[in-house]
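So the structure is just underneath, and the comments pick up after that.
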DNA sequence: CAGCTCGATGTTTACGTAAACACTCGCGGC
DNA sequence: GCCGCGAGTGTTTACGTAAACATCGAGCTG
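Chains as they are written, first to last, in my numbering: chain A, -13 to 315; chain B, -13 to 315.
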């Protein structure tokens, strides 16, 4: 900066003013400074800037994996929303499985150059990973049960699951089987709870659940089980990937979807409409979740108040061709 | 830091030494300082640290979208590789479509707090977006043709496509149709070129290509066209999502895969093995690409030399059940 | 036991920026 | 014509850290 000032024949303060677009610099001087900046390839040092300003204009996103559609789509929305507000996004991946060596990665987290943090993972997993969120940092949690500790933005899992199961019940199915997500996921838990609630409210028997791990492969394995059960006429899968596995298993075992058996998914991933058959599923508005997360943290940062409310983003059922009335009807 | 020093009864320099794990601090003093840090909730200021050190220990990743599997998987690998090296990742999304207002977002890019940049997008699109990478910053480009300007790490697209098409030719198909990716993608272009080369080398006719946009939906539309052509017995799709769309279109039109028509994809996404039927596809090692990108930038940063070589990551064909000999055989 | 070395700690300084304040004009009002 | 004001610019200072250098004392050597 000093070099630029010297070359332009002004003080460094004036360079600073130009670089920040402040008013109070006469046009001719401004041009001279800009020319000098260009000539010297001047690039403001954001470290110094952050030091001075006391803020980084950066949000940290803690996530466990990029392998689920939901996380990725939410992250994408967060990134764009943050960019609109002039904030950058720093990724903080968390490798829970191996407790060893992980600790080192996290101590850094505390000293990370961020003004706020958005957590896209089950908070209790965070605890398990012995990560402690640094104090005095604003946090918003997406897609999880954060207890009373943090502000939460989440899809209305219960509503979505209810829509899905009710749809199947309304079609005339006696009962609905459920392919659940992993037991340690609150999102999966809430979908399961809602599924059970709908069946109970409708006075139907509640069959045992089958559990998967969100992957298509686990859906396939579950499908092999369910295909062997002739009484099974409807399945509510906790996500679309597992539903894909179900579809393959049913196809391979001659169980026609939807004639013999109906399948509903959850998420409405882009590919769902091109499954065979196109999948009826619950649409989650990940973009909205991401946007609200950013809004939430920024608001907390600006007010310097940690809030704790839960914001629910509504879902909607997208009916395609994988559901129909049961064969007996 | 000064507060901590006062509370522990030492100088701020000693606090600094403790906080950095430097040697030369007697154990008892160290404990006293640590206790003080804890009591005051001290958190080192990374802006000041970066200012002093002249580096941010952060890499920027420029990408256009998180909606393609490849980008996401590469990003994931980059993130983990960077974490291992003690570097954080800052996301710099680029919204090309709207030229308006975008500019503002990019000027920031030049002053971003990063030591190096990894670009996961077609470089010529970067140009089109009037983004200029700041000078004196090390850059590695993934998955693109960067001309002579940058160091490039890419999957060996040609080899992969060759494997796919050769596989179909070897099965006895007279020729192979090609569902290409968008025309402005170099990756798509290279896959198309390799497809044509194999056919020509084998002395087969080169049918016209059908073009999609990477989405399953575009694959479906292409599939409707191809299903109507009775001579079409084999299709090489430029990615798995489009292959999914093909499968649906063929299924809906009574064209059995693989008995009537063979389909090969590209990418080997996790879901590909649960398509109906499980998809034969070209496996890309995104993780390896990501890892090498990080290695590349870090090396450039450490040597302060911009390199320009291209590193190719090999592919392999994964044969599943969507390919077979043509019906006439 | 003087002189020296070395380990532990303190003091000074600089990193690049921008806020706060100081200064210098030219111009309008009285 | 003098005063005051405000626009344009310069000067000083502080942000939090860590390298470089300074200091101090204990232990060792000759």
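We treat Cβ as the ideally placed atom computed from N, Cα and C, and that holds for glycine. Owing to the predicted nature of the structure, the values given are computational and were not obtained by experimental measurement.
Any chain B beta carbon closer than 8 Å to residue i
i	result
residue 76/A	yes
residue 136/A	no
residue 79/A	yes
residue 122/A	yes
residue 91/A	With a pLDDT of 45 at residue 91/A, under the threshold of 50, the predicted position of this residue should be treated as unreliable, and no value is reported.
residue 2/A	no
residue 86/A	Summary for residue 86/A: the model assigns pLDDT 41, below 50, so the residue's position carries little reliability; its value from the coordinates is reported in the next sentence. It does not; no Cβ of chain B falls within 8 Å.
Beta-bridge partners of residue i, as assigned by DSSP
i	result
residue 75/A	45/A and 77/B
residue 251/A	267/A
residue 197/B	166/B
residue 222/B	164/B and 250/B
residue 124/B	102/B
residue 184/B	None, per the DSSP bridge assignment.
residue 302/A	269/A
residue 140/A	298/A
Partners in chain A for residue i, counting only beta-carbon separations shorter than 8 Å
i	result
residue 201/B	256
7 Å Cβ cut-off: residues of chain B touching residue i
i	result
residue 58/A	52 and 58
residue 262/A	233, 234, 237 and 262
Interface flag, residue i vs chain A, CB-CB below 8 Å
i	result
residue 259/B	yes
residue 37/B	yes
residue 27/B	yes
residue 230/B	yes
Listed by chain order, chain B residues near residue i by CB distance under 8 Å
i	result
residue 62/A	51, 52, 53 and 79
Proximal residues of chain A, C-beta to C-beta of residue i below 9 Å
i	result
residue 42/B	32, 33 and 99
Chain-order list of residues whose beta-carbon lies under 7 Å from that of residue i (same chain, five-residue window excluded)
i	result
residue 318/B	Nothing about residue 318/B can be reported from this structure: the residues present for chain B run from -13 to 315 only.
residue 210/A	235
residue 230/A	202, 205 and 261
residue 30/B	5
residue 26/A	-11, -10 and -7
residue 213/A	235, 236, 239 and 241
residue -2/B	-13, -12 and -9
residue 108/B	130, 170, 171 and 172
residue 193/B	161 and 163
residue 72/A	43
residue 84/A	Bear in mind that the predicted position of residue 84/A carries a pLDDT of just 45, short of 50, making it too unreliable to give a figure here.
Close Cβ partners of residue i (< 6 Å) along its chain, the five nearest in sequence each way excluded
i	result
residue 280/B	64, 67 and 68
residue 304/A	254, 267 and 269
residue 28/A	-10
residue 57/B	49 and 106
residue 302/B	269
residue 146/A	268 and 301
residue 159/B	219, 220 and 312
residue 246/B	313
residue 148/A	180 and 184
residue 208/A	165, 196 and 198
Under 7 Å by beta carbon: chain A residues contacting residue i
i	result
residue 227/B	257
Partners in chain B for residue i, counting only beta-carbon separations shorter than 9 Å
i	result
residue 67/A	Chain B residues near residue 67/A: none, gap ~10 Å exceeds 9 Å.
Contacting residues, own chain, Cβ-Cβ under 8 Å from residue i (five flanking each side not counted)
i	result
residue 306/B	258, 259, 263, 264, 265, 266 and 267
residue 275/B	60, 63, 128, 129, 139, 140, 141 and 299
beta-carbon residue i near the ligand FAD non-hydrogen atom, thresh 7 Å
i	result
residue 244/A	The ligand FAD is absent from the structure shown, which contains no ligand whatsoever.
Cβ pair count under 8 Å reaching 3, the stretch 245 to 260 of chain A against the stretch 6 to 19 of chain A: Verdict: no, contact absent.
At least three beta-carbon pairs within less than 8 Å, the stretch 146 to 163 of chain B to the stretch 179 to 195 of chain B: In short, these stretches touch, since the Cβ pair count reaches three.
Touch test, the stretch 286 to 296 of chain B against the stretch 217 to 229 of chain B, Cβ-Cβ under 8 Å, three pairs minimum: No: the two stretches stay apart, fewer than three of their Cβ pairs being nearer than 8 Å.
Sufficient close CB pairs (3 or more, under 8 Å) joining the stretch 270 to 280 of chain B to the stretch 135 to 151 of chain B: Of all C-beta pairs linking the stretch 270 to 280 of chain B to the stretch 135 to 151 of chain B, three or more are shorter than 8 Å, placing the two stretches in contact.
Cβ contact check for the stretch 161 to 181 of chain B and the stretch 291 to 302 of chain B: 3 or more pairs under 8 Å: No contact exists between the stretch 161 to 181 of chain B and the stretch 291 to 302 of chain B.
Inter-stretch contact at 8 Å, needing at least 3 Cβ pairs: the stretch 194 to 201 of chain B / the stretch 158 to 166 of chain B: Using a Cβ-Cβ distance cut-off of 8 Å, the stretch 194 to 201 of chain B and the stretch 158 to 166 of chain B are in contact, since at least three pairs of beta carbons, one from each stretch, lie closer than that value.
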